[in-house]
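Chemist: Mapped onto mature numbering (1 follows the signal peptide of the UniProt record, and there is no 0), the consecutive letters of the sequence shown carry residue numbers -20 to -1, 1 to 527.
The beta carbon of each residue, even a glycine, is placed where N, CA and C say it ideally should be.
Here the structure is a predicted model, which means the values were calculated and not measured.
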Amino acid sequence: MIKFLLFSLSFSHVFSIVASQALPSYSGRNGEWQLLHESVGISAMHMQLLHNNKVIIFDRTDFGPSNLSLPNGICRVDSSDTMLQTDCTAHSILYDIVTNGFRPLMIQTDTWCSSGAVLPNGTLVQTGGYNDGDRNIRSFTPCNDDEYCNWIEFPQSLIQRRWYASNQVLPGGRIIIVGGRRQFNYEFYPSSWNGVIFLDFLMETNDQGLENNLYPFLHLLPDGNLFIFANTRSILLDYNQNMVLKEFPKIPGDDPRNYPSSGSSVLLPLDENDAIIEPEIMVCGGAPRDSFIQAMQGIFIRATSTCGRLKVSVPNPSWTMEDMPMARVMGDMILLPTGDVLIINGAELGTAGWELGRGPVTRPIIYRPSDDVSNWRFSVMSPSPRPRMYHSSAILLTDGRILVSGSNPHVYYNFTNVEYPTDLSMESFSPPYLSPEYDPIRPRILSADEKMGYGGKLFWLSFQVQAYLTVSVLSVTIVAPSFATHSFSMNQRMVLLKIAGVTDIAPSTYNLVVAGPSTAEIAPPGYYMLFVVHAHVPSYGRWVKIG
């Protein structure tokens, strides 16, 4: 039986909060799925974890009413909206991962297929969208449970419209915003003196009538330059001098990897223990070049099953290719606290776009990048009972679970007489490391500094573990929470910190000293989740502010 608790906040604008017990779980041999809510009222097109353990989730506004009302008779009035000029339903929620509750938030203009990043102070900056929202900036600053906070909108604050763009936080705390539909350029937030900078690469990678270069993959490298991947090509951009420093070899196979042939990408963990940090990019999935046109005609081509890895700092970079256990388009790649990569959601046939995907891939896979290449590095996990197709999202939470929600491959919300109904549910996936059988070797952080400095400044924490093994299987990782949408987790990065010393201070209790990140290029300033990992089993995360 589901229990609901309704209560109000004592503010002039009151927002109801819904809290419920989690629904029954679906277990498998590898990992476990749990249904958290049958419906949160909106489809999770975009998701961002904040440092107060709340998750901002939002959809678009131009499809009509959602299934969640705004409280107390509040309505959104927008004369430019293409569907409803007066809309009394919510298109964004704030989800609390501790209580499993959520409350509606108010978005004024259309956020369809937009982008975002979190500033060093913890404020989410969301950029662009569609129609009257395509040049708007919106911000959300986390607040305490007894305080009122909501979206704040800044109309016409972008120089160019940004629809299907990508964002990256830079070492100084600025945000670079790259591309978007018919936008072959980039700009910064806050705006820079030189405004918009044209980038030939974005025009060159645009397939006429197909695009295949939207939501470009952005990764900040340890040298401070920006890696940009679009379609099948990639470059190294010095955004300070507005200069392309290098173009890398094309990924083999000629299958596009960006929207609508949506693959995914991560920057593999950066290890401060290495004498020289060698950044490595990984790109997985996608779709053959004519898949979009074929899908429009009802022919659904098998997606791409390959992953490529590229060490970008070596003298002659080249892609190393591997095959996934199954083909996947519209999958999300998520860095786990262990340094492994989870690939989740998506389809086996077709592309991204309305009604253009078939064959949901409900089994996540975990990839171990540190395993020897001669070993099979992929492990297939237990399936979800729910397809997560176009416009679904997934993010890592501080307790190590993966939050999964959304799926709406239709122009409007459609729940009947379609192959893949709009899904408003929310579930979590627990990777195998959360299994109770690992509890004896699972660390538990007892205390930790709240701030971490650069230049290898020492950072102290204490932890407990029932069966401590050896320092050789101990590591400390920091993970930047990502802005997830359309199969790409913007600003996602992980750094393995250097351990300076471990001392036992009581039975099963230890002090641990680590060195902070060497530079802001390694870890841009902001809030990170910190994990202690012991024999490939992570603790629950603690928030730490870097910079």
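1. With H, G and I counted as helix, E and B as strand and the rest as coil, what does DSSP make of Leu336?
2. Excluding sequence positions up to five away, which residues of its chain have a Cβ less than 6 angstroms from the Cβ of Phe439?
3. Can the beta-carbon of Leu377 be found less than 9 angstroms from the beta-carbon of Ser415?
4. Which one of Asn165, Glu501, Ala374, Pro389 has the shortest CA to CA distance from Tyr434?
5. What does the Cβ neighbour count give for Glu167, buried or exposed, with the cut at 16 atoms within 10 Å?
6. Helix or strand or just coil, what does DSSP make of Phe272?
7. Out of curiosity, what's the CA-to-CA distance linking Glu252 and Val475?
8. As an exercise, report each continuous beta strand (DSSP E) stretch of at least 3 residues that is fully enclosed by the segment 186 to 218, in chain order.
9. Name the two residues that bound the continuous alpha helix (DSSP H) containing Leu182.
10. Which of helix, strand or coil does DSSP assign to Ser452?
11. Measure the Cβ-Cβ separation of Asn165 and Asn193 and say whether it is below 9 angstroms.
12. With DSSP as the reference, please indicate the residues paired to Asp484 in a beta bridge.
13. Return the CA-CA distance between Asn32 and Ser462, expressed in angstroms with no decimal places.
14. Measure the Cβ-Cβ separation of residue 530 and Asn325 and say whether it is below 9 angstroms.
15. Pick helix, strand or coil for Pro416, following the three-state DSSP scheme.
16. Would you call Met301 buried or exposed, if buried means 16 or more other Cβ atoms sit within 10 Å of its Cβ?
17. Three or more C-beta pairs closer than 8 angstroms, one from the segment 255 to 263 and one from the segment 279 to 293: is that the case here?
18. Give me whichever residues DSSP pairs with Thr86 in a beta bridge.
19. Anyone know if the C-beta pair for Thr286 and Pro232 falls short of 9 angstroms?
20. Figure out for me which residue from Ile156, Ser172, Thr342, Phe280 has the closest Cα to the Cα of Ile208.
21. Buried or exposed: where does Ile273 fall if 16 or more other Cβ atoms within 10 Å of its Cβ makes it buried?
22. Rounded to the nearest angstrom, what separates Glu158 and Lys437 at their Cα positions?
23. Judging by CA-CA distance, which residue of Ile458, Pro487, Thr465, Gly288 is the nearest neighbour of Arg473?
24. What number of angstroms, rounded off, separates the C-alpha of Arg161 from the C-alpha of Arg424?
25. With DSSP run on the structure shown, which of helix, strand or coil describes residue 528?
26. So, do the segment 68 to 80 and the segment 38 to 56 have three or more beta carbon pairs nearer to each other than 8 angstroms?
27. For Met369, count the other beta carbons within 10 Å of its own beta carbon; 16 or more makes it buried, fewer makes it exposed. Which is it?
28. Straight-line CA distance for Gln444 to Ser427?
29. Give the list of continuous alpha helix (DSSP H) stretches no shorter than 4 residues that lie fully inside the segment 378 to 439.
30. Under the DSSP definition of a beta bridge, which residues are partnered with Cys264?
31. So, for Arg348: in the same chain, excluding its five sequence neighbours on each side, which residues have a beta-carbon less than 6 angstroms away from its beta-carbon?
32. So what's Gly53 in DSSP terms, helix, strand or just coil?
33. Less than 9 angstroms between the C-beta atoms of Val224 and Val149, yes or no?
34. Note down the Cα distance separating Tyr392 from Ser298, rounded to an integer number of angstroms.
35. Using the beta-carbon count (16 or more within 10 Å), is Ser488 buried or exposed?
36. Tell me Asn165's beta-bridge partners as DSSP assigns them.
Modeler: Reading from the atomic positions:
1. For the purposes of this step, residue 336 is taken as the residue at position 356 of the sequence shown. Leu336: coil per DSSP, three-state reduction.
2. Numbered from its first residue, the sequence shown carries residue 439 at position 459. The beta carbon of Phe439 is closer than 6 angstroms to those of Asp429, Met432, Val494, Gly496 in its chain, skipping five residues each way along the sequence.
3. For the purposes of this step, residue 377 is taken as the residue at position 397 of the sequence shown. For the purposes of this step, residue 415 is taken as the residue at position 435 of the sequence shown. No, the Cβ-Cβ distance between Leu377 and Ser415 is not below 9 angstroms.
4. As a first step, residue 434 is located in the sequence shown; it is residue number 454 there, counting from the start. Tyr434 has its Cα closest to that of Glu501, out of Asn165, Glu501, Ala374, Pro389.
5. Working through the sequence shown from its first residue, we reach residue 167 at position 187. Buried.
6. Reading the sequence shown from its first residue, position 292 is the one you call residue 272. Phe272: helix per DSSP, three-state reduction.
7. The residue labelled residue 252 in the question sits at position 272 within the sequence shown. The residue labelled residue 475 in the question sits at position 495 within the sequence shown. If I take the Cα positions, the gap works out to 7 angstroms.
8. 197 to 200, 206 to 210, 213 to 218
9. Numbered from 1 along the sequence shown, position 202 holds the residue referred to as residue 182. Leu182 -> alpha helix (DSSP H) spans 180 to 184.
10. What you label residue 452 is simply residue 472 of the sequence shown in a count that begins at 1. Three-state DSSP puts Ser452 in a helix.
11. The residue given as residue 165 occupies position 185 in the sequence shown. The residue given as residue 193 occupies position 213 in the sequence shown. 9 angstroms or more divides the Cβ of Asn165 from the Cβ of Asn193.
12. Numbered from 1 along the sequence shown, position 504 holds the residue referred to as residue 484. Answer is Tyr490, bridged to Asp484.
13. By 1-based counting over the sequence shown, the position of residue 32 is 52. By 1-based counting over the sequence shown, the position of residue 462 is 482. Approximately 14 angstroms, taken between the alpha carbons.
14. Nothing about residue 530 can be reported from this structure: the residues present for the chain run from -20 to 527 only.
15. For the purposes of this step, residue 416 is taken as the residue at position 436 of the sequence shown. Here Pro416 sits in helix by DSSP.
16. Within the sequence shown, numbered from 1, the residue matching residue 301 stands at position 321. The residue is exposed, with fewer than 16 neighbouring Cβ atoms inside 10 Å.
17. yes
18. Here residue 86 corresponds to residue number 106 of the sequence shown, with the count starting at 1. The question names Thr, yet the displayed sequence has Met at residue 86. Answer is none; Met86 lacks a bridge partner.
19. As a working mapping, residue 286 is identified with position 306 in the sequence shown. As a working mapping, residue 232 is identified with position 252 in the sequence shown. For Thr286 and Pro232, yes; Cβs fall inside 9 angstroms.
20. For the purposes of this step, residue 208 is taken as the residue at position 228 of the sequence shown. Comparing Cα-Cα distances from Ile208 to each of Ile156, Ser172, Thr342, Phe280, the minimum goes to Ile156.
21. One-based indexing of the sequence shown puts residue 273 at position 293. With fewer than 16 other Cβ atoms inside 10 Å of its own Cβ, Ile273 counts as exposed.
22. As a working note, residue 158 is residue 178 in the sequence shown. As a working note, residue 437 is residue 457 in the sequence shown. The sequence shown places Val at residue 158, rather than the Glu named in the question. When rounded, the distance between both Cα atoms is 33 angstroms.
23. Taking the first residue of the sequence shown as position 1, residue 473 is located at position 493. With distances taken between Cα atoms, Arg473 lies closest to Ile458.
24. Position 181 of the sequence shown, counting from 1, holds the residue named residue 161. Position 444 of the sequence shown, counting from 1, holds the residue named residue 424. Spanning the two alpha carbons is a distance of roughly 46 angstroms.
25. The structure shown does not extend to residue 528, since the chain spans only -20 to 527, so no value can be given for it.
26. Flag = yes, the segment 68 to 80 and the segment 38 to 56 touch.
27. Taking the first residue of the sequence shown as position 1, residue 369 is located at position 389. By the 10 Å Cβ count, Met369 comes out buried.
28. In the sequence shown, the residue the question calls residue 444 occupies position 464. In the sequence shown, the residue the question calls residue 427 occupies position 447. Distance between the alpha carbons of Gln444 and Ser427: 10 angstroms.
29. none
30. Taking the first residue of the sequence shown as position 1, residue 264 is located at position 284. According to DSSP, Cys264 bridges with Ser244, Cys287.
31. Counting from 1 along the sequence shown, the entry for residue 348 is found at position 368. For Arg348, where only same-chain residues beyond five positions count, the Cβ hits under 6 angstroms are Asp320, Arg357.
32. Within the sequence shown, the letter at position 73 stands for residue 53. It is helical.
33. Here residue 224 refers to the residue found at position 244 of the sequence shown. Here residue 149 refers to the residue found at position 169 of the sequence shown. Taking 9 angstroms as the cut-off, the beta carbon of Val224 is found no closer than this to the beta carbon of Val149.
34. Residue 392 sits at position 412 when you count from the first residue of the sequence shown. Residue 298 sits at position 318 when you count from the first residue of the sequence shown. Cα to Cα, Tyr392 sits roughly 43 angstroms from Ser298.
35. Here residue 488 corresponds to residue number 508 of the sequence shown, with the count starting at 1. With fewer than 16 other Cβ atoms within 10 Å, it is exposed.
36. To locate residue 165, count along the sequence shown from 1; it is residue 185. DSSP output for Asn165 lists Phe178 as bridge partner(s).
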